[in-house]
Amino acid sequence: MNQRKDNYRAALRRGQAEPQPHTPKTATLNSRYVRITIELEPDLQRHLDQWTAPAVALLTNAGTAAQRVLSAFTPGTPSSGAGSRT
Numbered sequence: 009m010n011q012r013k014d015n016y017r018a019a020l021r022r023g024q025a026e027p028q029p030h031t032p033k034t035a036t037l038n039s040r041y042v043r044i045t046i047e048l049e050p051d052l053q054r055h056l057d058q059w060t061a062p063a064v065a066l067l068t069n070a071g072t073a074a075q076r077v078l079s080a081f082t083p084g085t086p087s088s089g090a091g092s093r094t
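For what it's worth, the numbering used here labels the leading residue of the sequence shown as 9, then goes sequentially.
This is the structure:
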């Protein structure tokens with residue numbers, strides 16, 4: 009029984025270790041006169057995906073609808089122009 013308590017207490021102590029901080033990703037843009045360094049939060053991609061996915065889906069659906077409308081008004085095959093030549 010004492011060994012079980014000791015194992016339990018040891019597991020609790022191991023669980024209390026502080027997690028390592030996330031290191032930000034850096035992107036550096038260089039030109040002749042300007043150097044810009046951008047630090048990105050590791051969770052930024054998840055947040056961007058969450059906010060941009062509906063907008064991208066909306067634009068894709070709008071583009072598909074516009075293409076269908078335009079293709080309905082254009083002839084199926086382009087004319088060769090042979091009838092207009094003299």
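Built from N, CA and C at the ideal position, the CB exists for glycine as well.
Please read all numbers here as calculations on a predicted model, not as lab measurements.
- DSSP places residue 68 in the helix class (H, G or I) of the three-state scheme.
- Take residue 46, set aside five residues on each side of it, and the residues of its chain with a beta-carbon closer than 8 Å to its own are 34, 35, 36 and 37, in chain order.
- Here residue 60 carries a helix assignment [DSSP, helix/strand/coil].
- Straight through space, the alpha carbons of residue 51 and residue 44 are spaced by roughly 21 Å.
- Shown here for residue 31: same chain residues with a beta carbon closer than 8 Å to its own, the five before and five after excluded, namely 50 in chain order.
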